[in-house]
Structure formats: structure tokens, C-alpha cells
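Below: one structure, written as C-alpha cells.
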Amino acid sequence: MEHTKDLRENFIKDGYVFLPGFLSPVEVEAIKQNFDRVITEIVPVMQARHVFYEGPEKKASTLKQLIDIQDYDAFFKEKLSTGKFKDLAAFLLEDKVIGKTLEYFNKPPLIGKPTPPHQDGYYFMLNPSVAVTMWMALEPADEENGCVKYIRGSHLKGMRPHGRTQTLGFSQGITDFGTAADLEEEISFPANPGDLIIHHSLTIHQAGANGSGRSRKALGLIYFGESAREDLEAKSAYQKKLQEEQV
Ligand SMILES: O=C(O)CCC(=O)C(=O)O
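Residue 6 is where the sequence shown starts when you use the numbering used here, and the numbers rise one by one after that.
See below:
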């Protein structure tokens, strides 16, 4: 993959980039097969806080998200910690990077719920918020089965207020989302297997529900820049808010 100046300039300006065909069909197939293996062999021993199902029944057909897979599996640990994803994250952030988590995302057919509009930085609590999220389609994603949508330029406008959602795996969503300015800049990213989208930690994004009979599987990777620092103030405010919400 060529790392061009244009790519970084677009990332800085828009808060995201789109790289069609980042992985070859053979590479995508290897990732899909390894996810199948993880789902069969490792999910049963994963901590409950790393595994999310759509709805109360914990069955394979409703599996929607796995997080921190690198802590359980050598194949995915390597994908996160070395190679072309990591190199690209470092190039875009102009920093050395640390692979924080590798995730599996699905929206099961007909029951996959929307991903609420949010900024990943709200969860990360970094200052400066030097981090990127990568999302690579493992099968076709489109408007019907819930492709990702970005708000162009939103990473330049600071952190928006977030509040509790009912969506497992995405507990926080932007409470004042949907202004005319938001909607004017919203761009959908239909993607084919191997297509990669990357967003800055302050870029607002969301995804629709899956109203189709198809699944919508994807790989997610998160990298923090070494210059990012944990925002202790934001962290303690967040913990306080969570406690208040639980009362
Ligand atoms: O898969 C999705 O629907 C959304 C993923 C997402 O929000 C993210 O990777 O930050």
C-alpha cells in the first residue's frame, strides 16, 4: 500500500479516508476463516465483557461484537501489532502507535440494530486525542445492511455531548446529533470485502440497522498515538456519570 501525502492530507481535512481493496480476496478469506475459528473455539472461553450478542439469547446467529481478540489469539495479535494496518495508522497519525484492540463487528440479518452516532474519543478519553479506528468490510456493506456513515470534518469541531444508549457495545451516543450541519456533511461508505475505512478518534460516525437477510461482518482495529495521554479529568467525570446513571 502506498502511503501518499494526499492520503494523509485527506485524513487531516476530512477526518477519514477510504481505501478500496486494501486487502486482497485471499487475505480477506484468511481473516474470515480465523474469525470463524475464534467464534467456535475461543468465544466460549472469552470474558463476557468482551462478547456482545444482539438480544438476550446468547447464540451464534445473534453474535454482534467481539473486543480485545488480540488477548486471546496469536493470529489476530499479530494482525494488530505488526504489518500494514499498524504502519498505516502510524503514517496517518505521524506518530508511533500502539495497537489497542482488535474487534469483530457483525449486524446479524434482520435483527442488527443501528450503531448510535458517536465519537470514539469519548470512550478512549485521551488528551490529545491522537488515535484512529480502522474498519474493514469482510462482506458487502451497504445502506440496506448498515454500512458506516461519517460526518465529514466533524473531528475538527471538538467533543460533542454523549449520553447512555441501549445499544450493547456502544453504550454512549451523541445526545444532540442530527443538526442540519451534521446531516449536510454525512457520507455513507458502502464497502466490499477488503475495503478499508479509517477515521480519526473525534470523527462522528454511525451505522444503520440491518434490514436485510444478509449479515454485515467487519474487522475493527484501534491504534493510539504514543503522544496521546490518558485524560484523567475526563475519565473521572465519565465514571461519575456512569455511577449516576446506574442509580
Ligand atoms: O460496525 C459498526 O457499525 C460501527 C463501528 C464503529 O463505530 C467503530 O468502529 O468505531
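In this text, a Cβ means the ideal position worked out from N, Cα and C, and glycines have one as well.
Three or more beta-carbon pairs drawn from the stretch 207-217 and the stretch 160-171 are found closer than 8 Å, and the two stretches are therefore classed as touching. Nearest in C-alpha terms to residue 171, of all of 120, 245, 34 and 55, is 120.
Shown here, residue 30 sits in a helix according to DSSP, grouped into three states. A Cβ-Cβ contact shorter than 8 Å links residue 128 with residue 177. Using a 10 angstroms sphere on the CB of residue 180, the tally of other CB atoms stays under 16, which defines it as exposed. When the alpha-carbon of residue 90 is set against those of 28, 166 and 248, the nearest one is in 28.
Rounded to the nearest whole angstrom, the CA to CA distance from residue 85 to residue 246 is 32 Å. Excluding five sequence positions before and after residue 165, the CB atoms of its chain that fall closer than 6 Å to its own CB belong to 179, given in chain order. Distance from the CA of residue 8 to the CA of residue 95, rounded to the nearest whole angstrom, comes to 10 Å. By the neighbour-count criterion, in which 16 or more other beta carbons inside 10 Å mark a residue as buried, residue 59 falls on the buried side.
In this structure, ligand 1 has a non-hydrogen atom nearer than 7 Å to the beta-carbon of residue 223.
Each of 248, 36 and 72 was checked against the Cα of residue 51, and the nearest Cα belongs to 72. Checking the DSSP bridge columns, you'll see residue 137 partnered with 205 and 228.
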